[in-house]
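Using our numbering, you'd call the opening residue of the sequence shown number 78 and step up by one each time.
No residue lacks a Cβ here, since even glycine has one placed at the ideal position from N, Cα and C.
The structure displayed is predicted, hence computed values, not measured ones.
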Amino acid sequence: MNRNLTASLLLLAATWVGADSATAQSIWGTHGLSATVGNQAGPPFGPCAYPNGPTLNVFPTVAPFGCPVAGPYPGAVPGVVPMGDVAVHRIADRVWVTDGVVLTSYSKAGVPLASFPNPLLTVITGLGWSAPFGAMPSLLWLTDGFVYGAIIPPAAGCPFPGFLLGPFPVVPAGPGSIATDIDFDPTSGTLFFSHTSGLVSNQFIGGGLGPFGIFAPGAPCPLGPLEGLAVDTASCGALFVTNGTMVARITFFGGAAPTTFYAPLPCWPWVATGPTSGLAFDATPITFGTGSDPAATIPTIGSIGEALSPNPTFAITLGNATPGGAAFLILAPASACPVIPIGFGAFIHVFPISSITGPFPIPATGGFALPAPIPAGFACSGLTAYLEWLVVKPAGGGLETSPGLHVRPAAP
Numbered sequence: 078m079n080r081n082l083t084a085s086l087l088l089l090a091a092t093w094v095g096a097d098s099a100t101a102q103s104i105w106g107t108h109g110l111s112a113t114v115g116n117q118a119g120p121p122f123g124p125c126a127y128p129n130g131p132t133l134n135v136f137p138t139v140a141p142f143g144c145p146v147a148g149p150y151p152g153a154v155p156g157v158v159p160m161g162d163v164a165v166h167r168i169a170d171r172v173w174v175t176d177g178v179v180l181t182s183y184s185k186a187g188v189p190l191a192s193f194p195n196p197l198l199t200v201i202t203g204l205g206w207s208a209p210f211g212a213m214p215s216l217l218w219l220t221d222g223f224v225y226g227a228i229i230p231p232a233a234g235c236p237f238p239g240f241l242l243g244p245f246p247v248v249p250a251g252p253g254s255i256a257t258d259i260d261f262d263p264t265s266g267t268l269f270f271s272h273t274s275g276l277v278s279n280q281f282i283g284g285g286l287g288p289f290g291i292f293a294p295g296a297p298c299p300l301g302p303l304e305g306l307a308v309d310t311a312s313c314g315a316l317f318v319t320n321g322t323m324v325a326r327i328t329f330f331g332g333a334a335p336t337t338f339y340a341p342l343p344c345w346p347w348v349a350t351g352p353t354s355g356l357a358f359d360a361t362p363i364t365f366g367t368g369s370d371p372a373a374t375i376p377t378i379g380s381i382g383e384a385l386s387p388n389p390t391f392a393i394t395l396g397n398a399t400p401g402g403a404a405f406l407i408l409a410p411a412s413a414c415p416v417i418p419i420g421f422g423a424f425i426h427v428f429p430i431s432s433i434t435g436p437f438p439i440p441a442t443g444g445f446a447l448p449a450p451i452p453a454g455f456a457c458s459g460l461t462a463y464l465e466w467l468v469v470k471p472a473g474g475g476l477e478t479s480p481g482l483h484v485r486p487a488a489p
């Protein structure tokens, strides 16, 4: 079967799987003292410890490049100005990091792509990103705690971009409060800020308080001064906030947000790096379970690009499968716990099965990418897909399966 045709059928099937409260995304944070940036999901929870994690990725910010890159900084240290932060450019699938003085863009493998000095000429305490919205292009937002503005993020090299918007004053959230992070909400077109006062504020771009005002996080763990914030664009109306060591997921009014597949607890420790001085939301699908093959190496499942609506270049990947075999992609509306035996010592992590597409011949490389473009209009819809590769090995060699993969479209 033609792979593009099969991918279209897969996306069509995913749209009628139905609403689900679970999602599959993650968050990033940065630790200044060690000059590292980390990606975290979960924590794993329940009898099957879904999803996989909590730590998904960590890389150092100091790496060879043609100009200075983000380096060590005091970070989330009590009594120290809360400099430094992280942001995810979800369309380009890259991570921006600042040490307060330099802003650097990295691939998710930690390779520097662009870097430039802070245009605020003060110390950056917060960093955020927004996709094109109305007349606004893709923007990188930054604040020094007292003013904020936006620049067009460069794709490569060592430019020095000027402000496209701002700088504008940050609405104070308590006496002596400093804004520690900034992020854009595409549902309301407003900005959220975290503050050293322990409060969160919502502000119109260039103006006063937005529709959600100023509020305290109502999560069941005491946070105190906040070091970071990120808007969850897969579950519209939710935020992540952190004091550097604990993360909570709250609503736009401060109450505890409903738990999700990737955040099954109302609050949990940040463990991907040392104490983080910022948060950023990543819409890349994450895996769950172990996969199975009692006789060989287990296949992998993943994605190219983030699960954004729209994302015309999104794809599902297969890797490490037995060459010469045949791969089938299983689609289901839920994860399976416990896993379900299917013979030959193999088992699946998704059930009930909605559809199986394939077979796809497995080349000598052991894998391929299956195009699965995501159309517009599915962000925050609650539509989800649980996917898993089933491989029939050649010459009657048995079966093997990948871990599961949860896909839920998010707004860019």
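**Request:** Provide the residue(s) that pair with residue 267 in DSSP beta bridges, ordered along the chain.
**Result:** Position 190 of the sequence shown, counted from the first residue, corresponds to residue 267. Paired residue(s): 262.
**Asked** Do residue 228 and residue 240 have their C-beta atoms within less than 9 Å of each other?
**Response** Here residue 228 corresponds to residue number 151 of the sequence shown, with the count starting at 1. Here residue 240 corresponds to residue number 163 of the sequence shown, with the count starting at 1. Yes, the pair counts as a contact, with Cβ atoms nearer than the cut-off.
**Request:** Find the nearest neighbour of residue 365 within the set 128, 105, 123, 110, judged by alpha-carbon distance.
**Result:** Position 288 of the sequence shown, counted from the first residue, corresponds to residue 365. Nearest option by C-alpha distance: 128.
**Prompt:** Which class does residue 205 belong to by DSSP, given the choice of helix, strand or coil?
**Reply:** The count along the sequence shown starts at 1 and reaches residue 205 at position 128. If DSSP states are grouped into helix, strand and coil, residue 205 belongs with the strands.
**Message:** My assumption, with CB atoms under 8 Å, is that residue 125 sits in contact with residue 362. Please give the rounded CB distance.
**Reply:** To locate residue 125, count along the sequence shown from 1; it is residue 48. To locate residue 362, count along the sequence shown from 1; it is residue 285. Not quite, the Cβ-Cβ distance comes to about 18 Å (not below 8 Å), so this is no contact.
**Cut-off 6 Å between Cβ atoms - residues of its own chain near residue 437, not counting five sequence neighbours on either side** = Against the sequence shown, residue 437 aligns to sequence position 360. Contacts found: 404.
**Segments of 3+ residues assigned as beta strand (DSSP E) that fall wholly inside the segment 408-469** = Correct list: 412-420, 423-427, 432-438, 445-448, 462-469.
**Message:** Measuring straight from C-alpha to C-alpha, what distance separates residue 97 and residue 461?
**Reply:** Taking the first residue of the sequence shown as position 1, residue 97 is located at position 20. Taking the first residue of the sequence shown as position 1, residue 461 is located at position 384. Unreliable positioning characterises residue 97 in this predicted model, as indicated by a pLDDT of 34, which lies under 50. The coordinate reading is nonetheless provided below. C-alpha separation (whole angstroms): 6 Å.
**Message:** Looking only at its chain, what residues have a beta carbon closer than 8 Å to the beta carbon of residue 254, apart from the 5 residues adjacent to it on each side?
**Reply:** Residue mapping note: residue 254 aligns to position 177 of the sequence shown, counting from 1. The answer, listed in chain order, is 272, 273, 274, 276.
**Proximity winner among 175, 266, 289, relative to residue 329 (alpha-carbon distances)** = Your numbering for residue 329 matches position 252 in the sequence shown. Among 175, 266, 289, the Cα nearest to that of residue 329 is on 289.
**Request:** Measure the alpha-carbon distance for residue 262 versus residue 185 and round it to whole angstroms.
**Result:** As a position in the sequence shown, residue 262 is number 185, starting the count at 1. As a position in the sequence shown, residue 185 is number 108, starting the count at 1. Between residue 262 and residue 185, the C-alpha separation is close to 23 Å.
**Prompt:** Which ranges would you report for the beta strand (DSSP E) in the segment 325-361 if only whole runs of at least 3 residues count?
**Reply:** 344-346, 357-359
**Request:** Please determine if the segment 352-361 and the segment 326-342 are in contact, where contact requires at least 3 C-beta pairs separated by less than 8 Å.
**Result:** no
**Cβ neighbours of residue 336 in the same chain (closer than 7 Å, five flanking residues each side left out)** = Within the sequence shown, residue 336 is the residue found at index 259, counting from 1. Hits under 7 Å: 342, 343.
**Message:** Taking the alpha-carbon of residue 446 as reference, which of 406, 304, 373 has the nearest alpha-carbon?
**Reply:** Here residue 446 refers to the residue found at position 369 of the sequence shown. Selected option, being the one with the closest Cα: 406.
**Request:** Tell me, to the nearest whole angstrom, how far the beta carbon of residue 114 is from that of residue 132; I am working on the premise that it is less than 8 Å.
**Result:** For the purposes of this step, residue 114 is identified with residue 37 of the sequence shown, where counting begins at 1. For the purposes of this step, residue 132 is identified with residue 55 of the sequence shown, where counting begins at 1. Between residue 132 and residue 114 the Cβ distance is about 12 Å, and since that is not below 8 Å, they are no contact.
**Same chain only: Cβ atoms within 6 Å of residue 224, ignoring 5 sequence neighbours per side** = Here residue 224 refers to the residue found at position 147 of the sequence shown. Closer than 6 Å at Cβ, skipping near neighbours: 244, 246.
**Request:** Give the straight-line distance between the Cα atoms of residue 168 and residue 300, rounded to the nearest whole angstrom.
**Result:** Locating residue 168 in the sequence shown gives position 91, where the first residue counts as 1. Locating residue 300 in the sequence shown gives position 223, where the first residue counts as 1. Approximately 31 Å between the Cα atoms of the pair.
**Item:** residue 477 in three-state terms, based on DSSP
**Value:** Numbered from 1 along the sequence shown, position 400 holds the residue referred to as residue 477. DSSP places residue 477 in strand when its eight states are reduced to three.
**C-beta contact flag for residue 313 and residue 457 at 9 Å** = Within the sequence shown, the letter at position 236 stands for residue 313. Within the sequence shown, the letter at position 380 stands for residue 457. Yes, the pair counts as a contact, with Cβ atoms nearer than the cut-off.
**Request:** Determine the contact status of residue 490 and residue 202, defining contact as a CB-CB distance below 9 Å.
**Result:** With the chain covering only 78 through 489, there is no way to say anything about residue 490.
**Prompt:** Grouping DSSP H, G and I as helix and E and B as strand, with all else coil, what is residue 404?
**Reply:** Reading the sequence shown from its first residue, position 327 is the one you call residue 404. Strand at residue 404.
**Message:** What does the alpha-carbon distance come out to for the pair residue 488 and residue 259?
**Reply:** Stepping through the sequence shown from its first residue, residue 488 is reached at position 411. Stepping through the sequence shown from its first residue, residue 259 is reached at position 182. Looking at the two C-alpha atoms, the distance is approximately 17 Å.
**Length of the line joining the Cα atoms of residue 159 and residue 400** = Indexing the sequence shown from 1 puts residue 159 at position 82. Indexing the sequence shown from 1 puts residue 400 at position 323. Cα to Cα, residue 159 sits roughly 51 Å from residue 400.
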